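Undergrad: Residue numbers for the sequence shown follow the numbering used here, so the first one is 32 and each next one is one higher.
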Amino acid sequence: MPMTLTLKTLSKEDAPKLHELESACHSFPMSLSNLETCFGRFYHVIGLFDDEEMLGFSILHQLFEDATLMDICVRPDAQGQGLGKRLTEALIELAATQGAERMMLEVRASNERAIALYRQMGFEQVGMRANYYQLEQGKEDAILMERLF
Ligand SMILES: CC(C)(COP(=O)(O)OP(=O)(O)OC[C@H]1O[C@@H](n2cnc3c(N)ncnc32)[C@H](O)[C@@H]1OP(=O)(O)O)[C@@H](O)C(=O)NCCC(=O)NCCS
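(1) Could you pull the start and end residues of the alpha helix (DSSP H) that Gln112 belongs to?
(2) Can you tell me whether Cys69 is helix, strand or coil according to DSSP?
(3) Determine which residues share a DSSP beta bridge with Ser89 and list them.
(4) May I ask you to report which of helix, strand or coil DSSP gives Glu132?
(5) When we look at the beta-carbon of Met159 and count the other beta-carbons within 10 Å, is it buried (16 or more) or exposed?
(6) Since I believe Glu120 is in contact with Phe180 (beta carbons under 8 angstroms), could you give me their beta-carbon distance rounded to a whole number of angstroms?
(7) Contact between the stretch 43-54 and the stretch 113-128 is defined here as three or more beta-carbon pairs at a separation below 8 angstroms; is this criterion met?
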């Protein structure tokens with residue numbers, strides 16, 4: 032059945048729902064209290080819904096011309112259908128309307144799927160932080176990416 036997808040701006044009351052999705056997507060999810068801080072000043076959280084059901088979300092932080100893509104998650108059973116692209120495009124559009132000149136992000140070096148998505152959306156690698164992220168055993172590098180507007 033074709034999906035009728037809508038994008039909605041989320042508020043702090045949606046944090047538990049976000050946390051549920053975050054925990055299903057990431058091996059090291061953000062805590063509920065960390066996610067709650069993403070509804071503070073300078074943040075925007077967008078949810079992608081099929082009717083009432085949230086299939087994904089993305090979080091933008093923007094301070095004037097400097098935007099940061101803080102997180103993006105698509106429910107595992109809905110991945111690979113263009114929803115990640117849709118959420119990234121929505122954040123880029125929002126940041127552009129708010130006067131962004133650049134958007135930054137950090138991603139695990141092993142996260143090939145996300146890196147491929149970001150490249151497709153115009154991000155390029157601009158740096159690397161060695162041993163930045165926790166793994167079950169040891170650490171892994173963070174890739175820093177940037178998209179200019
Ligand atoms: C990263 C993520 C948001 C992508 O969402 P998605 O809905 O699956 O992505 P899309 O279907 O929009 O695909 C967009 C692009 O991503 C890449 N991609 C998607 N699935 C892929 C796969 N299985 N392998 C490699 N690249 C893949 C492709 O470049 C794809 O573009 P294409 O379809 O034109 O080839 C999703 O996989 C996710 O939630 N992952 C877990 C959370 C996470 O890692 N977030 C990023 C934190 S920095």
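Heads up, the beta-carbon is just placed ideally off N, CA and C, and yes, glycines get one too.
If you're wondering where the values come from, they're calculated on a predicted model, not measured in any experiment.
TA: In short:
(1) For this step, residue 112 is matched to residue 81 along the sequence shown. For Gln112, there is no enclosing alpha helix (DSSP H), as DSSP gives it neither H nor E.
(2) Along the sequence shown, one-based indexing puts residue 69 at 38. Coil.
(3) Your numbering for residue 89 matches position 58 in the sequence shown. BP columns for Ser89 point to Ile77, Ile103.
(4) Mapped onto the sequence shown, residue 132 falls at position 101. Reduced to three states, the DSSP call for Glu132 is coil.
(5) The sequence position of residue 159 within the sequence shown is 128, counting from 1. Around the beta-carbon of Met159, fewer than 16 other beta-carbon atoms lie within 10 Å, marking it exposed.
(6) As a first step, residue 180 must be located in the sequence shown, where it is residue number 149. As a first step, residue 120 must be located in the sequence shown, where it is residue number 89. Rounded, the Cβ-Cβ distance is 13 angstroms, inconsistent with contact.
(7) no
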